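Heads up: the structure comes next, in structure tokens.
Printed below as a string of structure tokens:
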């Protein structure tokens, strides 16, 4: 849910393409510890 909110915020408030937003979300997820990443993906 939090990750989806992040994507929606970027989509609504920036001129970024969906592809660029996906890249940013992936880069964000790749910086997180595994435990937190698992929790974010489950919600």
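In this note's numbering, the protein residues as written are 1 to 43. In this text, a Cβ means the ideal position worked out from N, Cα and C, and glycines have one as well. Being a predicted model, the structure only gives us computed values, none of them experimental.
Per DSSP, reduced to three states, the secondary structure at residue 32 is coil, with no helix or strand assignment. In the DSSP assignment, residue 8 falls within the unbroken alpha helix (DSSP H) covering 2 to 13.
Note that the C-beta distance between residue 16 and residue 10 is below 8 Å.
The alpha-carbon separation between residue 36 and residue 24 amounts to approximately 17 Å.
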